[in-house]
Ligand code: CAA
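This is the structure we're talking about:
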């Protein structure tokens with residue numbers, strides 16, 4: 028029996044800034060961002076867009092072709108949740124009008140949590156092949172104005188329906204896992220922006236990759252050459268390139284040319300370069316970028332996935348692209364959507380970024396900006412209000 032992705036979709040903010048604006052503000056050459064970290068544009072969510080609206084917008088399109096009565100589990104993976112107690116998934120479950128016989132919960136481990144969602148869903152769906160899991164990863168990456176991490180922010184969500192009737196990717200059984208207690212990136216409850224030891228976080232990412240790969244290759248018997256393409260967690264696209272070169276070297280593939288190695292990941296980077304870091308969602312947006320931008324038919328090809336969440340947990344796993352997967356994707360709509368976003372100035376981005384909701388009980392309404400089918404309308408009696416614009 029194959030278990031994998033039956034449907035998948037992503038969504039990001041309608042607004043972005045070009046990192047040339049940030050470079051100009053900092054008086055550094057824009058090539059530092061465009062080439063040094065490999066990022067060109069960064070999603071800048073307005074005050075009425077949050078992880079719930081991003082998630083609901085991503086999931087709405089993903090579930091259109093699915094028998095939603097069979098979804099009995101919604102897993103909401105995020106670093107940037109909106110409540111200390113209630114799962115963000117319940118808001119999304121309501122906005123999508125899913126059935127009441129459903130378990131809904133939130134998972135957290137920095138950018139790793141959606142991979143945990145997959146690893147828990149595969150055995151669950153093997154046991155109950157008539158059921159479906161809606162796995163949503165949604166995040167807004169915030170490091171702070173003027174910080175070294177600022178150009179590596181972003182926002183977006185990905186929604187995947189996992190089932191025993193996969194159309195897009197079927198996951199393999201084995202994975203390799205690694206955990207170590209480190210402080211490379213974290214966000215105390217009292218902060219809206221992450222704290223990060225940037226260079227250390229890159230070292231830990233690479234260490235977790237090698238350790239996870241080691242266990243994965245021992246368990247699965249698969250080697251580097253068994254993979255046609257690789258999808259990495261993408262905090263910034265150059266990180267994917269660095270990771271891939273390290274892994275190839277570790278796996279004894281020194282003879283591979285740089286050009287060949289880049290061909291194994293280049294298609295995964297397009298969306299990330301113009302959206303930015305989406306934490307838990309980034310690797311799966313990379314998968315969509317690969318499937319929707321590759322000139323080749325990838326059916327039957329094996330993909331390696333490496334998920335990394337600071338703190339830290341890493342996991343390497345794999346899957347096979349299924350025949351006819353193209354019929355279940357929407358590359359034209361995604362390209363149109365990304366091209367039609369509104370570019371905003373550095374000043375406007377700062378205004379969005381610093382907008383804060385008063386911490387008082389009352390009737391607060393968020394200003395109206397362009398959003399998708401759902402928007403965060405405000406707060407009343409400390410309760411968040413969402414509008415469906417269907
Ligand atoms: N033209 C081209 N390249 C240039 C350049 C120019 N004019 N000027 C500098 N560069 C290059 C540098 O040589 C460097 O390249 P290498 O990495 O190949 O050496 C690159 O641009 C970055 O420049 P700096 O080394 O000066 O780095 P920085 O101080 O700007 O910080 C960063 C970069 C550490 C990534 C920082 O943006 C950051 O802290 N980001 C957040 C943390 C992060 O994303 N960590 C990733 C791993 S953790 C993770 O994955 C979990 C997660 O999502 C957070």
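Numbering (our numbering), first residue to last: 28 to 417. Glycine included, each C-beta is placed from N, C-alpha and C at the ideal position.
{"Query": "Boundaries (first-last residue) of the alpha helix (DSSP H) holding residue 273", "Result": "264–277"}
{"Query": "Of the listed residues 54, 37, 369, nearest to residue 90 (C-alpha basis)", "Result": "37"}
{"Query": "Residues bridged to residue 413 [DSSP beta-bridge criterion]", "Result": "403"}
{"Query": "Contacts around residue 328, its chain only, beta-carbon distance under 8 Å, and the 5 residues preceding and following it disregarded", "Result": "255, 256, 347, 348"}
{"Query": "Residues sharing a beta bridge with residue 69, DSSP", "Result": "44"}
{"Query": "Through-space distance from residue 234 to residue 315, alpha-carbon basis", "Result": "26 Å"}
{"Query": "Contacts around residue 384, its chain only, beta-carbon distance under 7 Å, and the 5 residues preceding and following it disregarded", "Result": "391, 406"}
{"Query": "Contact under 9 Å by Cβ, residue 70 with residue 311", "Result": "no"}
{"Query": "At least three beta-carbon pairs within less than 8 Å, the segment 367–380 to the segment 35–50", "Result": "yes"}
{"Query": "Where the alpha helix (DSSP H) through residue 283 begins and ends", "Result": "Run containing residue 283: none; DSSP gives neither H nor E here."}
{"Query": "Residue 154 to residue 60 span [Cα, whole Å]", "Result": "47 Å"}
{"Query": "Where residue 420 falls: helix, strand or coil (DSSP)", "Result": "Residue coverage of the chain in this structure runs from 28 to 417, which leaves residue 420 outside it and unanswerable."}
{"Query": "Residue environment, residue 55, which counts as buried when at least 16 other CB atoms sit within 10 Å", "Result": "exposed"}
{"Query": "Segment limits, alpha helix (DSSP H) that includes residue 122", "Result": "115–122"}
{"Query": "Bounding residues of the alpha helix (DSSP H) (the contiguous stretch that carries residue 85)", "Result": "78–89"}
{"Query": "Alpha helix (DSSP H) runs contained entirely in the segment 219–268, provided each spans 4 or more residues", "Result": "225–247"}
{"Query": "The ligand CAA heavy atom lying under 8 Å from the CB of residue 295", "Result": "no"}
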